[in-house]
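Q: Below is the structure I would like to discuss, written out as structure tokens.
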Ligand SMILES: C[S@@+](CC[C@H](N)C(=O)[O-])C[C@H]1O[C@@H](n2cnc3c(N)ncnc32)[C@H](O)[C@@H]1O
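Numbering (the numbering used here), first residue to last: 36 to 265.
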């Protein structure tokens with residue numbers, strides 16, 4: 036029997052009924068009122084955008100965000116990169132009715148339904164009709180076969196634990212095009228940091244592969260590219 040963590044639902048492009056841009060904005064405003072997104076995270080969004088400069092291959096790209104939540108950064112990705120295709124990968128409702136991360140502002144004290152987070156992410160991207168958005172409701176890397184072509188870039192913001200992040204990075208090695216980039220969030224050097232596992236996994240990954248750190252800086256952002264001898 037398939038368990039919830041490995042079950043995968045691939046939606047055939049955007050699964051919500053077509054809506055005009057003002058309707059989308061009104062619905063997003065309603066969701067922001069009903070499920071407030073922490074002010075600190077709103078502020079961090081623009082501080083994170085600098086890392087997307089490392090994902091500009093000079094043409095309309097194909098990329099993925101692994102770990103999407105409500106799609107606030109997916110919207111930044113669409114706005115800044117205008118990719119040709121964007122895979123949104125997250126287990127959402129396969130986790131359960133809510134995220135079950137305890138009493139956090141980020142999940143509105145666990146009141147935010149996973150289905151609402153997924154549909155909000157889809158709506159955020161629906162504001163960019165030229166971006167072909169493919170929604171993969173599944174846990175990465177179990178769902179990796181649903182990504183059908185080499186990726187120019189990936190933004191990794193998913194499990195955050197050391198071993199799972201290391202597994203995610205090795206799976207991405209096979210999915211990202213030779214000149215592609217892996218980007219991510221939550222670069223925490225301090226060993227007591229909640230997401231230090233991401234930093235530690237990246238260090239181990241570059242030790243064991245031909246990937247190298249090309250950027251790490253403000254707002255916990257980082258980027259990797261493959262090392263090639265000149
Ligand atoms: C910090 S949130 C992502 C935030 C989002 N990238 C943003 O910047 O707005 C982490 C997300 O990762 C998802 N996640 C956890 N494990 C995952 C996995 N194995 N594969 C894909 N997504 C995962 C969670 O469901 C959650 O929505």
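Glycine included, every Cβ here is placed at the ideal spot set by N, Cα and C. Small disclaimer: the values here were computed from a predicted structure and weren't measured.
#1: Looking at C-alpha atoms only, which residue of 78, 130, 94 and 133 is the closest neighbour of residue 118?
#2: Residues in its own chain within less than 7 Å of residue 236 by CB, not counting five upstream and five downstream?
#3: Which residues in the same chain as residue 234 place their Cβ atom closer than 7 Å to its Cβ, once the five residues preceding and following it in sequence are excluded?
#4: Secondary structure at residue 215, three-state DSSP: helix, strand or coil?
#5: Put residue 241 into one of helix, strand or coil per three-state DSSP.
#6: Let me check one thing: in DSSP terms, what residues is residue 191 bridge-paired to?
#7: Cutting at 7 Å between CB atoms, please list the residues of its own chain near residue 89, excluding the five before and the five after it.
#8: Can you look up residue 305 in the DSSP assignment and give me helix, strand or coil?
#9: Quick check: the stretch 145–158 against the stretch 174–181, are there 3 or more CB pairs under 8 Å?
#10: Is residue 266 close to ligand 1? I mean its beta-carbon at under 8 Å from any heavy atom of the ligand.
#11: Tell me the rounded alpha-carbon separation between residue 124 and residue 147.
#12: What is the DSSP secondary structure of residue 141, counted as helix, strand or coil?
#13: Would the beta-carbon of residue 104 fall within 9 Å of that of residue 150?
#14: For residue 94, which of helix, strand or coil comes out of DSSP?
#15: Between residue 170 and ligand 1, is there a pair consisting of the residue's CB and a ligand heavy atom that are separated by less than 8 Å?
#16: Measure the C-alpha to C-alpha separation of residue 179 and residue 227 and round it to an integer number of angstroms.
#17: Using 8 Å for Cβ pairs, my map puts residue 167 next to residue 91. What's the rounded Cβ distance?
#18: For the alpha helix (DSSP H) containing residue 248, name the first residue and the last one.
#19: Three-state secondary structure (DSSP) at residue 262?
#20: Kindly list the residues whose CB is nearer than 7 Å to the CB of residue 184, restricted to its own chain and excluding five residues on each side of it in sequence; keep chain order.
#21: Just confirm the distance between the C-beta atoms of residue 143 and residue 71, as a whole number of angstroms; I'd bet it's less than 8 Å.
A: According to the structure shown:
#1: Mapped onto the chain shown, residue 118 falls at position 83. That would be 94, whose Cα lies nearest to the Cα of residue 118.
#2: Numbered from 1 along the chain shown, position 201 holds the residue referred to as residue 236. For residue 236, where only same-chain residues beyond five positions count, the Cβ hits under 7 Å are 197, 200, 201 and 204.
#3: For the purposes of this step, residue 234 is taken as the residue at position 199 of the chain shown. Excluding positions up to five away in sequence, the list reads 222, 223 and 224.
#4: Taking the chain shown and counting its residues from 1, the one referred to as residue 215 is at position 180. If DSSP states are grouped into helix, strand and coil, residue 215 belongs with the strands.
#5: Taking the first residue of the chain shown as position 1, residue 241 is located at position 206. It is helical.
#6: Within the chain shown, the letter at position 156 stands for residue 191. Residue 191 is bridged to 101 and 219.
#7: One-based indexing of the chain shown puts residue 89 at position 54. Only 216, 218, 249, 250 and 258 meet the Cβ criterion.
#8: For the chain, the structure presents residues 36 to 265; residue 305 sits outside this window and is missing.
#9: no
#10: Any answer about residue 266 is impossible in this case: the structure gives the chain only from 36 up to 265.
#11: Residue mapping note: residue 124 aligns to position 89 of the chain shown, counting from 1. Residue mapping note: residue 147 aligns to position 112 of the chain shown, counting from 1. Cα to Cα, the separation comes out at about 18 Å.
#12: By 1-based counting over the chain shown, the position of residue 141 is 106. The answer is helix: DSSP assigns residue 141 an H, G or I state.
#13: For this step, residue 104 is matched to residue 69 along the chain shown. For this step, residue 150 is matched to residue 115 along the chain shown. No, Cβ-Cβ distance for residue 104 and residue 150 is not below 9 Å.
#14: As a first step, residue 94 is located in the chain shown; it is residue number 59 there, counting from the start. Note: residue 94 maps to coil in three-state DSSP.
#15: As a position in the chain shown, residue 170 is number 135, starting the count at 1. Not so, every heavy atom of ligand 1 lies at least 8 Å from the Cβ.
#16: If you number the chain shown from 1, residue 179 lands on position 144. If you number the chain shown from 1, residue 227 lands on position 192. Looking at the two C-alpha atoms, the distance is approximately 31 Å.
#17: Taking the chain shown and counting its residues from 1, the one referred to as residue 167 is at position 132. Taking the chain shown and counting its residues from 1, the one referred to as residue 91 is at position 56. That pair is no contact at about 18 Å.
#18: Residue numbering aside, residue 248 sits at position 213 when the chain shown is read from its first letter. That residue, residue 248, is in no alpha helix (DSSP H); its beta strand (DSSP E) goes 246–252.
#19: Position 227 of the chain shown, counting from 1, holds the residue named residue 262. Coil.
#20: Taking the first residue of the chain shown as 1, we reach residue 184 at position 149. Within the same chain, residue 184 has close Cβ partners 97.
#21: Taking the first residue of the chain shown as 1, we reach residue 143 at position 108. Taking the first residue of the chain shown as 1, we reach residue 71 at position 36. That pair is a contact at about 7 Å.
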